[in-house]
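From first to last, the protein sequence lines are chains A and B. Counting from 1, position 29 in the first sequence corresponds to residue 426 in this note's numbering; the numbering is continuous, with no gaps. Counting from 1, position 107 in the second sequence corresponds to residue 108 in this note's numbering; the numbering is continuous, with no gaps. From the three backbone atoms N, C-alpha and C, an ideal C-beta is built for every residue, glycine too. Taking it in order: structure first as structure tokens, then the write-up.
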Amino acid sequence: MSEGLFGIHGAALEIRAQRMGMLGSNIANAATPGYKARDIDFAAALEAKLGGAGDDRAIGSATRYRVPVMPSLDGNTVEMATEQAAFGENAVAYTATLGFLRGRVETLTRAIKGE
Amino acid sequence: MTLFELGQRAMSAQMVRMNAAASNLANAGSVAASEQEAYRPLRPVFAEQLDAATGMSTVRVDGVYRADVAPVRRHEPGHPLADENGDVWASPVDENAEMVEMLEASRQYQNMIEALSTAKQLMLETMRMK
Numbered sequence: 398m399s400e401g402l403f404g405i406h407g408a409a410l411e412i413r414a415q416r417m418g419m420l421g422s423n424i425a426n427a428a429t430p431g432y433k434a435r436d437i438d439f440a441a442a443l444e445a446k447l448g449g450a451g452d453d454r455a456i457g458s459a460t461r462y463r464v465p466v467m468p469s470l471d472g473n474t475v476e477m478a479t480e481q482a483a484f485g486e487n488a489v490a491y492t493a494t495l496g497f498l499r500g501r502v503e504t505l506t507r508a509i510k511g512e
Numbered sequence: 002m003t004l005f006e007l008g009q010r011a012m013s014a015q016m017v018r019m020n021a022a023a024s025n026l027a028n029a030g031s032v033a034a035s036e037q038e039a040y041r042p043l044r045p046v047f048a049e050q051l052d053a054a055t056g057m058s059t060v061r062v063d064g065v066y067r068a069d070v071a072p073v074r075r076h077e078p079g080h081p082l083a084d085e086n087g088d089v090w091a092s093p094v095d096e097n098a099e100m101v102e103m104l105e106a107s108r109q110y111q112n113m114i115e116a117l118s119t120a121k122q123l124m125l126e127t128m129r130m131k
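Here's what the structure looks like:
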């Protein structure tokens, strides 16, 4: 039902939220020795999700380890600049998706009210 | 685990790191009567803690250990703690390293707060969808 009403945006919002958690983990583990930073390939995750894969499968298959610009001695691959840029980008995209959803909701309520 | 719990634990870990650096700075220059009694810098060790259900990982403080550095032996015969050779053992605290440690911990604490406030704002906006 919600897939028909909200199209691609419901799935997109879910992946954006998941990605926010993953990038948050990276920022949290900036000082953990041996921690490998991960990120979700958004396009791949969305494609898998729209193809009918469950949340876990879609996210799991689209998760990639970050390739650091300059590897550190303790094996940690978190680079704050990269993570913060990705976090910011993801937040903006989340807001955009929310905007699309809000527009959809408004359209639907108008239709229901018969305006 | 939510992003807020994750952030809270990460910030606590950074706090432990800051406290350790503060302890080290406070004990910089303190002397002891023997090599064993001399203060050795505290160092917290972090470990990743994965929450399999959500795929998020937070930070766990694995333990706070004493750094394995030799105290500095100083010849000071007039010192009340001096041993029979007239030596005292000073704590091997590198003040510059501790300052850097503190600065890094506070930056990472700030980064986490920034991420959390962005996440909070996004969640509030999501809830306002009517």
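Residue j beta carbon less than 9 Å from that of residue i
{"i": "A/ILE424", "j": "A/GLU480", "result": "yes"}
{"i": "B/GLU36", "j": "B/PRO81", "result": "no"}
{"i": "B/GLN15", "j": "A/ALA478", "result": "no"}
{"i": "B/LEU7", "j": "A/SER422", "result": "yes"}
{"i": "A/ARG413", "j": "B/MET130", "result": "no"}
{"i": "B/VAL62", "j": "B/VAL17", "result": "yes"}
{"i": "A/TYR491", "j": "B/LEU125", "result": "no"}
{"i": "A/PRO430", "j": "B/VAL46", "result": "yes"}
{"i": "B/THR127", "j": "A/PHE484", "result": "no"}
{"i": "A/ARG501", "j": "A/LEU402", "result": "yes"}
{"i": "A/ASN426", "j": "B/GLU49", "result": "yes"}
Reference residue i, options the options, closest by Cα
{"i": "A/VAL464", "options": "A/GLY457, A/SER458 and A/ASN473", "result": "A/ASN473"}
{"i": "B/ARG10", "options": "B/ILE114, B/SER92, B/ALA120 and B/ALA68", "result": "B/ILE114"}
{"i": "B/ASP88", "options": "B/VAL32, B/MET12 and B/ALA14", "result": "B/VAL32"}
{"i": "B/THR3", "options": "A/GLY407, A/ALA490 and A/ARG416", "result": "A/ARG416"}
{"i": "B/GLY79", "options": "B/GLN122, B/ALA34 and B/ARG44", "result": "B/ALA34"}
{"i": "A/GLU476", "options": "A/ARG499, A/TYR432 and A/GLY401", "result": "A/TYR432"}
{"i": "A/ALA441", "options": "A/LYS510, A/ALA408 and A/ALA482", "result": "A/ALA408"}
{"i": "B/TYR40", "options": "B/ALA83, B/ALA68, B/ASP84 and B/ASN86", "result": "B/ALA68"}
Exposed unless 16 or more other CB atoms sit within 10 angstroms - verdict on residue i
{"i": "B/VAL60", "result": "buried"}
{"i": "B/MET176", "result": "Given that chain B is displayed from residue 2 to residue 131, the structure contains no residue 176 of chain B and the question cannot be resolved."}
{"i": "B/PRO42", "result": "buried"}
{"i": "A/LEU410", "result": "buried"}
{"i": "B/GLU38", "result": "exposed"}
{"i": "B/TYR66", "result": "exposed"}
{"i": "B/GLU96", "result": "exposed"}
{"i": "B/GLN111", "result": "exposed"}
{"i": "A/THR504", "result": "exposed"}
{"i": "A/LEU397", "result": "There is simply no residue 397 of chain A to check, as chain A begins at 398 and stops at 512 in what is shown."}
Own chain partners of residue i with C-beta closer than 7 Å, once the 5 adjacent residues on each side are dropped
{"i": "B/MET19", "result": "MET103, ALA106 and SER107"}
{"i": "A/MET419", "result": "ARG435, ASP436 and ILE437"}
{"i": "A/ALA445", "result": "ARG454, ALA455, SER458 and ALA459"}
{"i": "B/ARG75", "result": "ASP88, VAL89 and ALA91"}
{"i": "B/GLU99", "result": "ALA22, ASN25 and LEU26"}
{"i": "B/LEU51", "result": "SER58"}
{"i": "A/ASN487", "result": "ARG413, ARG416, MET417 and LEU420"}
{"i": "A/GLY511", "result": "none"}
Neighbourhood of residue i by C-beta, 6 Å cutoff - its chain only, sequence neighbours within 5 removed
{"i": "A/MET398", "result": "Low per-residue confidence applies at A/MET398: pLDDT is 43, beneath 50, and the placement is therefore not dependable, though the value from the model is reported in the following sentence. Within the same chain, A/MET398 has no close Cβ partners at all."}
{"i": "A/PRO468", "result": "none"}
{"i": "B/LYS121", "result": "none"}
{"i": "B/GLN109", "result": "GLN15"}
Residue i CB to nearest heavy atom of the ligand NAD below 8 Å
{"i": "A/GLY431", "result": "Because no ligand of any kind appears in the structure shown, any question about the ligand NAD cannot be addressed here."}
Same chain, Cβ closer than 8 Å to residue i, neighbours up to 5 away in sequence not counted
{"i": "A/ASP452", "result": "GLU411, GLN415 and LYS446"}
{"i": "B/GLY30", "result": "ALA91, SER92 and VAL94"}
{"i": "A/ARG461", "result": "ARG435, ASP436, ILE437 and ASP438"}
Legend entry - 4 or more residues per run - each alpha helix (DSSP H) lying fully within the region 438-493 of chain A: Listed in chain order, they are 439-447 and 452-459.
Legend entry - Every unbroken alpha helix (DSSP H) within the region 51-75 of chain B, with a cutoff of 4 residues, ordered by chain: With a minimum length of 4 residues, no continuous alpha helix (DSSP H) run stays inside the region 51-75 of chain B.
Legend entry - Completely contained beta strand (DSSP E) runs for the region 26-55 of chain B, where each covers 3 or more residues: Runs of the beta strand (DSSP E) inside the region 26-55 of chain B: 43-52.
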